[in-house]
Amino acid sequence: MTDLAILETSVVDSMDPAFVKKTLSELPFYQVQGMLNVRAIPLPPTSGKRGLVLRSAETNHITPLGKTQLSQQLGVTKIFDLRSDKERAKFGPDPLDIPDVEIVCVPAISESQSDDVKATFARYGGRGDEGFVDFYREVLENGVSAFKTVFEFLRDEVAEGKGCLIHCAGGKDRTGVAAMLILDLVGVPDEEIVKDYALTRVGGEPMREMMTKRYAHLLLDPEVGEATINALGCKPSSMRATLKMLREEYGGAAGYLKDRLGFSAEDVAKIIENLSAKEA
């Protein structure tokens, strides 16, 4: 698909428009009017009626056509919003009038993390991959309730052809951790998980100017400017390091689901079967 090197382009630098246009017009990306960085989490092929499992950036600018595309064309029945209550209040909530779609607000980080962005960016953006690993570990710990809710849907509803959308603000960090858990659970190769994570760089290119304006005060702050640039990036090495942490500290996604989310071995087997059309 895409050379991972180009996905390491800094968020302060623009990407080639022709490359961006071509990439966003192809799977796994979907065009939903008023939304950005919408794409399918790359699950194994199945002959069953599994619903789409999508990831994206925030949904609060979706248009009436976009709502129709999401619910009727893509079959989404639930939207899992991983943002904090303060983020939703500040930047806008999910639209509540999408036909046949339930909005489920399940914060994956603490209010203090979303409130003090400067401290958060300084803590993990200034320390390379180690900083990302630490932040994603915090997401795993603080997001137990959120991720349990998502995986309950994947256990109980996705095999019936019902689709879901998982999102945060940019669709990179909290959403990336959710996607990592899903893909690791079903045995997708590491480099495919890494590619899925890094694709946010091109998926986020159309909102690059908006995001740099949102965080302009931090990008111009000599104390955290470089850390902010790093924090807004999605380098492949950061996901490789996070996968290593997931396996060493949690026993992989399966261990996390059993030990931290409280799923039984039978539950985990059912989720894997639903997502991959194979028995665990």
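For the sequence shown, this note's numbering assigns the number 1001 to the initial residue and increments by one for each residue that follows.
We put the beta carbon where it would ideally sit given N, CA and C, even for glycine.
Bear in mind the structure is a predicted one, so any value in this text is a computation, not a measurement.
- The DSSP-derived three-state label of D1156 is helix.
- By the C-beta density criterion, T1063 is exposed, having fewer than 16 other C-beta atoms within 10 angstroms.
- Note on the segment 1071-1126: whole alpha helix (DSSP H) runs with a minimum of 4 residues are 1085-1091, 1111-1115 and 1117-1125, in chain order.
- Contact annotation: the segment 1259-1273 does not touch the segment 1034-1047, with fewer than three C-beta pairs closer than 8 Å.
- Taking the Cβ atoms as the reference, A1231 lies roughly 6 Å from Y1124, within the contact range of under 8 Å.
- Comparing C-alpha distances from A1198 to each of A1159, G1170, P1017 and T1149 shows the shortest one belongs to G1170.
- With respect to R1055, H1167 sits close: the two C-beta atoms are nearer than 9 Å.
- By the neighbour-count criterion, in which 16 or more other beta carbons inside 10 Å mark a residue as buried, K1067 falls on the buried side.
- In the structure shown, H1167 adopts extended strand secondary structure according to DSSP, grouped into three states.
- S1014 and Q1031 have their alpha carbons spaced roughly 21 Å apart.
- For the pair of segments examined, the segment 1204-1219 was found not to touch the segment 1104-1111: the number of CB pairs separated by less than 8 Å stays below three.
- Rounded to the nearest angstrom, the Cβ distance from T1046 to P1095 is 30 Å, too far for a contact under 8 Å.
- When the alpha-carbon of K1086 is set against those of V1117, Q1069 and Q1073, the nearest one is in V1117.
- By the C-beta density criterion, A1057 is buried, having at least 16 other C-beta atoms within 10 angstroms.
- Taking C-beta separations shorter than 6 Å and ignoring five residues to either side along the sequence, the partners of F1263 in its chain run L1257, following chain order.
- Following the DSSP letters along the chain, one finds R1214 inside the alpha helix (DSSP H) bounded by residues R1208 to R1214.
- When C-beta atoms of the segment 1182-1198 are compared with those of the segment 1073-1088, fewer than three pairs fall below 8 Å, so the two segments do not count as touching.
- Ranked by Cα distance from K1235, the first of G1128, A1018 and R1174 is G1128.
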